Each structure stands twice: as structure tokens, then as C-alpha cells.
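J.:
In the working numbering, the protein residues as written are 8 to 379.
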């Protein structure tokens, strides 16, 4: 149970963090080379582009959407905060933000340029709620005086990823387009969303072949290496946990066999007197041990699956969201880990008969009967 639960928690934690980082950035991003040293959209890209449109037909590419990210200042209730305004259009997949909405809705991208969605952190800090008016000041390259826009809060989200929640607001891409004088034909970058983060390495060369040479393809794992490097460190923890639990399981199995032998010492002596070999006696105790192991695995698997289902449905085990980027302990059972863990216990049971077999060999029939 402990082994499967540990694997499920670590896998669930890694999956949740990856999904949140990807939700803000996409799996891949197409940007100008001049934007390498700048995290924001300073050098625009033509929209639409034929090479980018061709990427949409690649299998496992869910969407390719234009975005503009601009630094801005949120000024309200005598408070000033540096933020990032993320402009999107109707092509942008909003599932991630919809899933993390606390109140309201996402901005209407068809009819208005004044609606924004802010994080719950910013809403609490600035004492804002739905329909609150906020003033956001934008900067334009080459100009020292920011230009203000009065915007309306129509949605409040909370992803738990504080690095983003504390700064990102979501709005219509036309707002920064108008401020920078780009019009409808220029955007800051394109975000590519794939069906799975594990296929990035497979799809990157395919996508690169379709792109023109004037743009670069940025991997989210490189762009946000601080998160992914941290998650990679968890893999070493998994190995340590697996080794320790394997050792403990092996010791427990040997202990079970030794207890069975001590309880049946008279039986062993009698069987040896009747001519049963050590090999046959060992096979009897191995069968008994495997019966206990299989029964324990059945009960353990049922309890583990029940715990994972209950936790994922009702989140009964909480977490400090500020520290762990989520409000509950996530659990995700991987079928490969599930099978490997069960097979490992069975193999350990087969190996565990070695030491008890030595003990059985040393037992004298006459001494066993007298000892009993």
C-alpha cells in the first residue's frame, strides 16, 4: 500500500505541476529570434502565417493560437503591482482557465475590449470582485509614459501556481495590438498545445521542418526550466523510496517465512523423519508464503485504489497551496507502476525462500521433536 500510494502521490504531483505550467505557456511556443532575451512580446510575428497554419494538421497538435504578453502595472485602491497582461483570441484553448475559475467567466473576445480575468490573489490584494473596475497601465517600447486602460473584472481564477497567479491577467489580444499599433495582422507569439507533454521531443523536429527560418521554437521545459528541473529531482526520490521499500518488503517476507518455520518446527521434524527432502519442505513453505502474499496484495490493491479514488473525488488530505502549488494531495495511479510493484513483491517472495531453506536444512528431526 505504502509503495503504491507514494508512487501515486509523486506522479500526481508532477502531473499537476506540469499541467499548470503548460496551461499558462503551451507545450511549445513560436517566437521571433529577437525575443530570446525578452520574456515578453516585443518583436511581432505576422498573423496568420502559412507555415504556422500547416502545423495545425499535424497529429496530436491540439491547437496553435496567437498570444501577446505585455508587462503592465495594475493600479487600484492606492496599490501598485507589476503584472503581465496576456492577450488571447478565440483560437486560444481556454479549458485550463475555465477549470480553474473561482467566479464569473472568461472575457468575451467577440464584442468587447474591456473585460479581463484576474487571479484570486490579485482580487484579494486589491479588494476586487466581479464587475469591479481596474486601471491597467501599459508600456510601449520607446515611450517613457505608460498608457492607462480602464478594464472590467468579469472572472476570477485560481490555479495555485503562485508565480503566475500573482501576476497574470487574461484579456482580449486586441488591447495590446491597439496600444502598440500592430493592427490585426501582428501578434507576439504562437502557443502550441499538444495532446501530451511526453510527445514534445517526438513532435519538435516535425514542427521545425514546417516552420520558416525567421522564427524559433521554444520548449516549455526550457522556458520554465525552474519548474521542470525541480520535478526531475523528484525522480531520484522515487528511486530511493523504491529501494528502501523493496528492502523492507524483502525483510518482511523473510520474517513471515521464519515465523511459519518456527510455528511448524515439529511438523518439519516429522516430515524429515518420514523422508521428505529439504527441497520439498521449502516448496511447501514457499506455497504458504505466496498464499499470504497474494492475499495481502489483493487487500492492499483494493485499499490503495479506494484511497486514490476517495482522495481525487473529495480531496480529504489538504495541502498548503502557497507552498505546494495545490490545495490537496494529488494522486495518480500509473498502471506500469502498479504492475511492477505487484510483480516485485511476488519475485521477492520467490527469492525470500533462500534464507528459510537454509534454516530448514539445519533442523534435525530428533531435536525438532524434542524442542516441540
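Virtual Cβ for every residue (Gly too), placed ideally from N, Cα, C.
Only a predicted model underlies this, so the values are computations on that prediction, with no experimental measurement involved.
Quickly, what does DSSP pair residue 126 with across the bridge? List them, please.
T.: Locating residue 126 in the chain shown gives position 119, where the first residue counts as 1. In the DSSP output, where bridge partners are listed per residue, residue 126 has 164.
J.: Taking only three categories from DSSP, how would you classify residue 193?
T.: The residue given as residue 193 occupies position 186 in the chain shown. Residue 193 falls in the strand class under three-state DSSP.
J.: On a CA-only basis, which of 242, 132 and 176 is nearest residue 122? Give me that one, please.
T.: For the purposes of this step, residue 122 is taken as residue 115 along the chain shown, with counting starting at 1. Considering only alpha carbons, the answer is 176.
J.: Please say whether residue 207 and residue 62 have beta carbons closer to each other than 7 Å?
T.: Working through the chain shown from its first residue, we reach residue 62 at position 55. Working through the chain shown from its first residue, we reach residue 207 at position 200. The answer is no: Cβ separation not under 7 Å.
J.: For residue 303 and residue 260, I'd like the C-alpha separation in whole angstroms.
T.: The residue you call residue 303 lines up with position 296 of the chain shown. The residue you call residue 260 lines up with position 253 of the chain shown. Distance between the alpha carbons of residue 303 and residue 260 is about 11 Å.
J.: Just checking, does the segment 188-208 make contact with the segment 149-166 on the three C-beta pairs under 8 Å criterion?
T.: Verdict: no, contact absent.
J.: Please state the DSSP three-state secondary structure of residue 216.
T.: By one-based count along the chain shown, residue 216 stands at place 209. Helix, per DSSP.
J.: Helix or strand or just coil, what does DSSP make of residue 157?
T.: As a first step, residue 157 must be located in the chain shown, where it is residue number 150. Here residue 157 sits in strand by DSSP.
J.: Strictly by DSSP, which residues pair up with residue 94?
T.: The sequence position of residue 94 within the chain shown is 87, counting from 1. Paired residues: 75 and 178.
J.: Taking the Cβ atom as the reference point for each residue, do residue 124 and residue 113 lie within a distance shorter than 7 Å?
T.: As a working mapping, residue 124 is identified with position 117 in the chain shown. As a working mapping, residue 113 is identified with position 106 in the chain shown. Their beta carbons are under 7 Å apart, which means residue 124 touches residue 113 by this criterion.
J.: With burial defined as no fewer than 16 other Cβ atoms inside 10 Å of the residue's Cβ, what is the status of residue 33: buried or exposed?
T.: Here residue 33 is taken as the residue at index 26 of the chain shown, counted from 1. Flag for residue 33 reads buried.
J.: Quick check: the Cα distance between residue 27 and residue 21, rounded to an integer number of angstroms?
T.: Taking the first residue of the chain shown as position 1, residue 27 is located at position 20. Taking the first residue of the chain shown as position 1, residue 21 is located at position 14. Straight-line Cα distance between these residues: approximately 10 Å.
J.: On the CB-based measure, 16 or more other CB atoms within 10 Å of its CB, does residue 212 come out buried or exposed?
T.: Start at 1 with the first residue of the chain shown, and residue 212 comes out as number 205. The residue in question, residue 212, is exposed, as its Cβ has fewer than 16 Cβ neighbours within 10 Å.
J.: Kindly indicate which three-state DSSP category residue 236 falls into: helix, strand or coil?
T.: As a working mapping, residue 236 is identified with position 229 in the chain shown. It is helical.
J.: Just mark residue 172 as buried or exposed, buried being the case when its beta carbon has 16 or more other beta carbons within 10 Å.
T.: For the purposes of this step, residue 172 is identified with residue 165 of the chain shown, where counting begins at 1. So residue 172 ends up on the buried side.
J.: How many angstroms separate the CA atom of residue 17 from the CA atom of residue 339?
T.: By one-based count along the chain shown, residue 17 stands at place 10. By one-based count along the chain shown, residue 339 stands at place 332. Their backbone Cα atoms lie some 8 Å apart in a straight line.
J.: Report the three-state DSSP secondary structure of residue 14 (helix, strand or coil).
T.: As a working note, residue 14 is residue 7 in the chain shown. It is helical.
J.: Looking at residue 69 and residue 420, is the spacing between their C-beta atoms short of 7 Å?
T.: No statement about residue 420 is possible, as the shown extent of the chain runs from 8 to 379 and does not include it.
J.: DSSP on residue 286, reduced to helix/strand/coil?
T.: Numbered from 1 along the chain shown, position 279 holds the residue referred to as residue 286. Three-state DSSP puts residue 286 in a helix.
J.: Do residue 76 and residue 178 have their C-beta atoms within less than 7 Å of each other?
T.: For the purposes of this step, residue 76 is taken as residue 69 along the chain shown, with counting starting at 1. For the purposes of this step, residue 178 is taken as residue 171 along the chain shown, with counting starting at 1. Contact: no.
J.: Can you tell me which residues form a DSSP beta bridge with residue 89?
T.: Taking the chain shown and counting its residues from 1, one reaches residue 89 at position 82. Looking at the DSSP assignment, residue 89 forms a beta bridge with 80.
J.: Consider the Cβ of residue 119: report whether some Cβ of chain C lies at a distance smaller than 7 Å.
T.: Among the chains in the structure shown there is no chain C, since it carries only a single protein chain.
J.: Could you give the DSSP three-state label for residue 36: helix, strand or coil?
T.: As a position in the chain shown, residue 36 is number 29, starting the count at 1. The answer is strand: DSSP assigns residue 36 an E or B state.
J.: To the nearest angstrom, report how far apart residue 334 and residue 327 are at their CA atoms.
T.: Counting from 1 along the chain shown, the entry for residue 334 is found at position 327. Counting from 1 along the chain shown, the entry for residue 327 is found at position 320. Roughly 6 Å separates the two Cα atoms.
J.: Can you give me the C-alpha to C-alpha distance between residue 10 and residue 311, rounded to a whole angstrom?
T.: Residue mapping note: residue 10 aligns to position 3 of the chain shown, counting from 1. Residue mapping note: residue 311 aligns to position 304 of the chain shown, counting from 1. Cα to Cα, residue 10 sits roughly 10 Å from residue 311.
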